[in-house]
Amino acid sequence: MESKGTPVGRRVVLGMLGLGALGVAVGSRVQDGLDSALSQVTSKDPTGLTGLLPGGGGFRFYNVTGSVPQRDASNYRLTVSGLVDRQAGYTLADLRAMPQTHMVRDVQCVTGWRVDDTAFEGVRLSHLLDLAGVRDGAGAIRFTCFDGAYTESLTLEQARRDDVLVALKMQGKPVTSAHGGPVRLYVAPMYFYKSAKWLSGIEVTESVQPGYWEHYGYDVDAWVGRSNGRDDAPTS
Ligand SMILES: Nc1nc2c(c(=O)[nH]1)N[C@H]1C(S)=C(S)[C@@H](COP(=O)(O)O)O[C@H]1N2
Ligand SMILES: [Mo]
Numbered sequence: 005m006e007s008k009g010t011p012v013g014r015r016v017v018l019g020m021l022g023l024g025a026l027g028v029a030v031g032s033r034v035q036d037g038l039d040s041a042l043s044q045v046t047s048k049d050p051t052g053l054t055g056l057l058p059g060g061g062g063f064r065f066y067n068v069t070g071s072v073p074q075r076d077a078s079n080y081r082l083t084v085s086g087l088v089d090r091q092a093g094y095t096l097a098d099l100r101a102m103p104q105t106h107m108v109r110d111v112q113c114v115t116g117w118r119v120d121d122t123a124f125e126g127v128r129l130s131h132l133l134d135l136a137g138v139r140d141g142a143g144a145i146r147f148t149c150f151d152g153a154y155t156e157s158l159t160l161e162q163a164r165r166d167d168v169l170v171a172l173k174m175q176g177k178p179v180t181s182a183h184g185g186p187v188r189l190y191v192a193p194m195y196f197y198k199s200a201k202w203l204s205g206i207e208v209t210e211s212v213q214p215g216y217w218e219h220y221g222y223d224v225d226a227w228v229g230r231s232n233g234r235d236d237a238p239t240s
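Residue numbers (the numbering used here): 5 to 240.
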């Protein structure tokens, strides 16, 4: 598994520089957004607080835009579109009524921090794809987010894995706004940047379209320990 001190590839360093510059540019606005998210969470659920603070629970807060977007059961929609037989727009209630899969896996950010044994629960992405009926000629999925900026992608084969979830719960409770609620993606075998927060669109496409961080040099196939300049393969 991934550990601290693993050599970091050149492209990852370039990407981290990109992240640092962005952090400087929008840092104060990000902090404002986080503060308002924190106050909302605090008023509803005091125990949610520690999980959101840098260092608290091990998670770091990431957001490429300047505020934490808010949607709830009243206005959340997840659309499934593209190369499918049946387009769909699911409410939170629709998603909650589907078969739920629970898994406990490690979270690993490509910049080095990790949170072991994190519980995720939600609908398998493969289930949504089956409901939609993927057409011949489809090869990939493009994910969009209601922050209006972040995107991600998976090959169809990756998307059909059992350990890829459209997550409604994280750490045993509904995904908080700061963690990408009400619905985020969880791609267990890949670095956490694949796990798009504030998920609002699943588009079936012909081929992979690189996501947000992938334009900054991060690998599209983001297997933990086998991408981004890291290689845990046996040496003998
Ligand atoms: N929409 C969106 N999703 C995102 C990101 C983001 O900035 N925006 N950051 C990614 C990265 S790099 C990481 S490490 C995780 C962070 O998730 P967290 O904020 O719940 O710790 O979300 C991923 N998904
Ligand atoms: Mo990350």
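Ideal placement from N, C-alpha and C gives every residue a C-beta, glycine not left out.
- Residue 175 and residue 122 have their C-alpha atoms some 6 Å from each other.
- DSSP places residue 100 inside the alpha helix (DSSP H), whose first and last residues are 96-100.
- Cβ neighbours of residue 111 within its own chain (closer than 7 Å, five residues either side excluded): 118, 119, 122, 196.
- According to the DSSP secondary-structure assignment, residue 190 is paired through a beta bridge with 169.
- Taking the C-beta atoms as reference points, residue 159 is found nearer than 8 Å to residue 143.
- In the structure shown, residue 112 adopts extended strand secondary structure according to DSSP, grouped into three states.
- Cβ contact annotation for residue 126 (same chain, cutoff 6 Å, sequence separation greater than five): 169, 170, 171, 172, in chain order.
- Not a single heavy atom of ligand 2 lies less than 7 Å from the C-beta of residue 149.
- Here residue 205 is buried: its Cβ has 16 or more other Cβ atoms, across all protein chains shown, within 10 Å.
- As computed with DSSP, residue 177 is found in a beta bridge with 174.
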